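In terms of the working numbering, the first sequence opens at residue 3 and continues consecutively.
All C-beta atoms in this analysis are idealised placements derived from N, C-alpha and C, irrespective of residue type, glycine included.
Predicted model only: the values in this text are computed from it and were never measured.
The structure appears below as structure tokens.
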Amino acid sequence: MKAIRRALLRWYRANARDFPWRRSRDPYAIWVSETMLQQTRSATVVPYYERFLKNFPTARVLACASPDEVMRHFAGLGYYSRARNLHAAAQTVVREHGGALPDEVKELRKLPGVGPYTAAALASIAFDQPVASVDGNVMRVLTRLLDLRDDIRLPATRRKLEAAAAELVRGAQPGALNQALMELGATLCSRRRPACTRCPLHRHCKALSRGVQATLPVRSPAPRKKRLRAAAALLLRGGRLLMVRRPPRGLLGGLWELPGGELDAREQAAAGLLRTLREGVGIAAAAPEPLGSVRHIFTHRVLRLYLFRVTPQPGRVRRHGFDAHRWCSLTAARALPLSSLARRALDHATASQS
DNA sequence: TATGCGTGGGC
DNA sequence: TGCCCAAGCAT
3 MKAIRRALLR WYRANARDFP WRRSRDPYAI WVSETMLQQT RSATVVPYYE
53 RFLKNFPTAR VLACASPDEV MRHFAGLGYY SRARNLHAAA QTVVREHGGA
103 LPDEVKELRK LPGVGPYTAA ALASIAFDQP VASVDGNVMR VLTRLLDLRD
153 DIRLPATRRK LEAAAAELVR GAQPGALNQA LMELGATLCS RRRPACTRCP
203 LHRHCKALSR GVQATLPVRS PAPRKKRLRA AAALLLRGGR LLMVRRPPRG
253 LLGGLWELPG GELDAREQAA AGLLRTLREG VGIAAAAPEP LGSVRHIFTH
303 RVLRLYLFRV TPQPGRVRRH GFDAHRWCSL TAARALPLSS LARRALDHAT
353 ASQS
């Protein structure tokens with residue numbers, strides 16, 4: 003165990019990649035990075051992280067910002083409940099902890115958006131607490147090191163690995179040990195073609211000694227994605243287009259998009275669009291002009307979004323199921339917090355119609 | 001315990 | 001095209 007610890011730390015000191023969050027000791031900055039890194043590649047996070055910290059340098063500044071402004075800096079990153087939770091948690095930190103992040107796992111876990119992994123990562127990296135943070139990378143490294151063939155989708159497997167990791171990070175430099183395990187999993191101990199010859203743990207790896215490293219970790223297959231269809235409108239009035247904001251919870255919560263909605267089974271796209279406009283924004287229209295479609299893949303769904311240009315009949319917007327609406331210039335619409343899907347839809351619709 | 005929640009990249 | 005994956009969390 004001691005040899006493993008020493009090998010990991012030495013390897014990490016020599017091989018840690020240079021990320022902006024690794025240059026900071028500020029618990030708030032580390033918190034922001036850990037939140038953005040949840041289920042997200044580090045290369046994707048870098049520009050978001052830098053922009054976010056420039057605009058919201060402290061928990062106090064973040065706590066005072068508007069929800070739209072916070073969401074604007076998460077737009078395109080995905081899993082948007084992270085932004086809402088981070089914002090709410092910053093307000094809690096200001097209100098209950100004087101603006102400074104608590105240093106204990108138990109207190110950190112009470113913050114919305116801070117789960118077992120993030121709490122342990124913060125406590126160890128920012129506050130030197132000897133707790134193990136087990137993410138997907140660590141699970142891959144440890145299942146191989148131990149030749150553990152249990153399904154890593156199961157919580158029971160996760161508990162076993164957390165116990166193993168807890169043994170490892172006992173003692174000095176828990177933050178560096180946790181990061182070393184993650185870094186190893188993110189680089190050498192990759193899912194396919196692990197670079198075992200360069201691995202600091204190759205002498206200790208049970209899976210390697212048995213030649214089964216490429217078969218680990220074992221993970222039961224995910225259920226098949228559901229297909230769904232939706233329609234959205236470039237709804238123009240006096241040179242401005244209508245944008246709507248989705249309610250805070252659920253899919254793409256808090257983000258803006260073109261008005262429209264999901265189609266029923268076998269419903270024609272144009273007819274369905276007119277129905278969703280009637281139901282969602284209380285606007286009547288006729289003869290939608292087709293502008294093509296875009297395909298978008300979510301974690302658990304495959305969406306086909308049909309786009310139309312629509313000339314509305316006179317009448318006020320009466321929202322139902324949306325949070326807010328706004329008549330915008332194209333420039334203003336593009337500056338709203340948009341999901342990647344909404345941005346692509348807007349781009350596609352405006353390019354097709356001109 | 002199972003499911004919902006984004007996005008972009010790799011093969 | 002389809003499937004898997006990447007520093008998970010909430011309900």
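Across which residues does DSSP place residue 308 in a beta bridge pair? 233, 295
Give the secondary structure of residue 247 by DSSP, where H, G and I count as helix, E and B as strand, and everything else as coil. strand
Give me the residue from 200, 177, 132, 192 with the minimum Cα distance to residue 169. 132
Since residue 264 is in the beta strand (DSSP E), which residue starts that stretch and which ends it? 262-264
If residue 265 sits next to residue 271, beta carbons under 8 Å apart, how far is it from one beta carbon to the other, in whole angstroms? 6 Å
Based on Cα-Cα distance, which residue from 352, 251, 62 lies nearest to residue 96? 62
Take the Cβ of residue 181 as the centre, count every other Cβ of all protein chains shown within 10 Å, and call the residue buried at 16 or more, exposed below. buried
CA nearest to the CA of residue 137, picked from 78, 222, 55, 37: 37
Are there 16 or more other CB atoms within 10 angstroms of the CB of residue 5, so buried, or fewer, so exposed? exposed
If I'm right that residue 387 touches residue 23 with Cβ under 8 Å, what's the distance once you round it to whole angstroms? Since the first residue of the chain shown is 3 and the last is 356, residue 387 is not available in this structure.
So what's residue 70 in DSSP terms, helix, strand or just coil? helix
Have a look at residue 84 and residue 252 and give me their C-alpha separation to the nearest angstrom. 12 Å
Answer yes or no: do residue 211 and residue 177 have a C-beta to C-beta separation smaller than 8 Å? no
Under 8 Å by Cβ, that's how I've got residue 91 and residue 114 pegged, so tell me the actual separation to the nearest angstrom. 5 Å
Quick check: the segment 281-294 against the segment 316-331, are at least 3 beta-carbon pairs closer than 8 Å? yes
Do the CB positions of residue 237 and residue 219 come within less than 8 Å of each other? no
Identified DSSP bridge partners for residue 287: 314
Would the beta-carbon of residue 143 fall within 8 Å of that of residue 191? yes
Select from 273, 300, 75, 151 the residue whose C-alpha is nearest the C-alpha of residue 309. 273
Quick one: measure Cβ to Cβ for residue 325 and residue 248, integer angstroms, because I've assumed they're closer than 8 Å. 6 Å
Would you call the CB atoms of residue 207 and residue 146 closer than 8 Å? yes
Please state whether the Cβ-Cβ distance between residue 122 and residue 259 is less than 8 Å. no
In the DSSP output, what is residue 327 paired with across the bridge? 246
Just to confirm the assignment, what range does the alpha helix (DSSP H) spanning residue 219 have? No alpha helix (DSSP H) holds residue 219; DSSP gives it neither H nor E.
Under 6 Å Cβ to Cβ from residue 78, same chain only, skipping five residues before and after it: list those, please. 342
In whole angstroms, what separates the C-alpha of residue 54 from that of residue 71? 10 Å
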